[in-house]
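Residue numbers (the UniProt record's numbering): 1 to 360. Every residue, glycine too, gets a C-beta built ideally from N, C-alpha and C. What follows is a set of notes on a single structure, which appears directly below.
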């Protein structure tokens with residue numbers, strides 16, 4: 001894609017959003033309905049709150065908002081902090097930190113920087129299609145490696161293949177972890193749930209390319225959708241495809257619905273699978289996470305698929321404690337199944353009638 005030849009429409013930035021550091025807002029024909037708000041940022045490294053369950057302390061998000069349009073994305077609510085909505089605005093109003101590489105280099109050069117692990121891909125995907133235009137990741141990778149800072153990348157974007165040579169070189173200097181997010185193996189369902197993402201086939205090819213380059217590639221198989229992708233056959237197909245592609249490890253997690261994501265996902269479910277809406281309301285009636293009963297049942301079922309496809313015999317390198325140790329929605333990647341899974345999914349009590357109309 002020859003971005004330099006594309007015509008950009010520059011809008012009146014001051015009339016759109018009260019964004020700090022906003023330079024301009026642009027649109028391009030290849031992204032119909034999408035506006036990129038280019039900002040200059042004051043910081044690149046984000047410190048994760050001490051009380052967070054995340055297994056890392058620092059993140060970098062070159063963008064805010066995401067073109068993947070995943071109906072379940074937990075980061076949707078963060079757009080509300082910008083006076084944007086967590087639904088369509090999150091998918092179409094993309095904040096781009098155009099000077100992030102320059103700022104990052106300054107921060108990494110500080111004597112106080114302890115070279116702690118930095119995670120990319122936590123709130124937006126660093127390799128969504130916009131990266132083809134802005135080309136921020138090569139500079140970020142180089143800056144981290146040159147400073148001796150270990151890092152990890154989580155993505156759904158095959159564009160990462162462009163930077164594989166850089167990542168291979170970086171891995172000679174610092175610990176580098178690469179993970180691909182892939183939980184939906186059925187292409188029809190995947191395109192309905194994640195309409196802006198690459199196909200399962202493209203992501204499986206990405207996993208193979210990463211492995212062929214000599215890097216381990218773990219997979220985040222999250223979210224597993226109750227009654228849609230949690231059957232024995234579906235998990236078997238998923239794990240089989242991941243094993244064939246050369247994945248080094250798989251972490252499974254059930255769908256969780258935080259505010260912002262909850263309303264957007266439930267609206268989608270009501271359009272696509274209205275019969276499942278009452279079940280989801282019961283399952284998620286008491287909080288954002290599926291009940292422990294369901295998560296244990298899913299973990300046992302996933303454990304069988306893990307063993308069948310040899311993942312229990314693999315010993316991947318890990319940069320931090322497994323996210324499943326701390327995140328209620330994640331299920332241990334290595335734990336053996338704790339018995340025979342129940343079939344069908346465990347019955348759950350009826351949720352009490354709400355005192356007011358639900359948001360979804």
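With respect to residue 209, residue 159 sits apart: the two C-beta atoms are not nearer than 8 Å. Taking C-beta separations shorter than 6 Å and ignoring five residues to either side along the sequence, the partners of residue 190 in its chain run 184, 200, following chain order.
When rounded, the separation of the alpha-carbon atoms in residue 148 and residue 99 is 21 Å.
Spatial neighbours of residue 35 in its own chain (CB-CB distance under 8 Å, excluding positions within 5 residues in sequence) are listed in chain order as 11, 16, 25, 26, 27, 92, 93, 94. Residues 71, 76, 86, 87 of the same chain have their beta carbon placed closer than 7 Å to that of residue 264, with the five preceding and five following residues left out of the count. Straight across, the Cα-Cα distance linking residue 132 with residue 157 is about 11 Å.
If only uninterrupted alpha helix (DSSP H) runs of at least 4 residues are considered, those enclosed by the segment 97-166 are 100-108, 131-134, 137-146.
For residue 221, same chain residues with a beta-carbon under 6 Å away, outside a window of 5 residues either side, are 183, 250, 252 in chain order.
No residue range can be given for residue 69, since it is assigned to no beta strand (DSSP E) and is classified by DSSP as neither H nor E.
Under DSSP, residue 251 shares a beta bridge with 220.
Residue pairing by DSSP leaves residue 88 without any beta bridge partner. With a cut-off of 8 Å on Cβ pairs, the segment 291-301 is not in contact with the segment 106-117, counting fewer than three such pairs. Spanning the alpha carbons of residue 124 and residue 66 requires a straight line of approximately 6 Å. In the DSSP assignment, residue 290 falls outside any beta strand (DSSP E), carrying neither H nor E. Sequence-distant Cβ neighbours of residue 59 in its own chain, meaning closer than 8 Å and more than five residues away, are 45, 46, 48, 118, 119, 120, 122, 123. At least 8 Å separates the beta-carbon of residue 267 from that of residue 226. Annotated as proximal: residue 153 and residue 178, with beta-carbon spacing under 8 Å.
Residue 204 places its beta carbon less than 8 Å from that of residue 241.
In this structure, the alpha-carbon of residue 217 lies about 22 Å from that of residue 73.
When DSSP states are grouped into helix, strand and coil, residue 257 belongs to the coil group. Exposed is the label assigned to residue 102, since fewer than 16 other Cβ atoms lie within 10 Å of its Cβ. Residue 56 carries a coil assignment under DSSP once its states are collapsed to helix, strand and coil. Taking each of 145, 233, 39 in turn and checking the Cα distance to residue 64, the smallest one comes out for 39. Sequence-distant partners of residue 198 (beyond 5 residues in either direction) whose C-beta falls short of 8 Å from its own C-beta, in its chain, are 156, 157, 158, 206.
Per DSSP, the unbroken alpha helix (DSSP H) holding residue 282 starts and ends at 277-283. Between the alpha carbons of residue 30 and residue 167 lies a distance of about 28 Å. Secondary structure note for residue 232: it is in no beta strand (DSSP E), and the uninterrupted alpha helix (DSSP H) holding it is 232-245.
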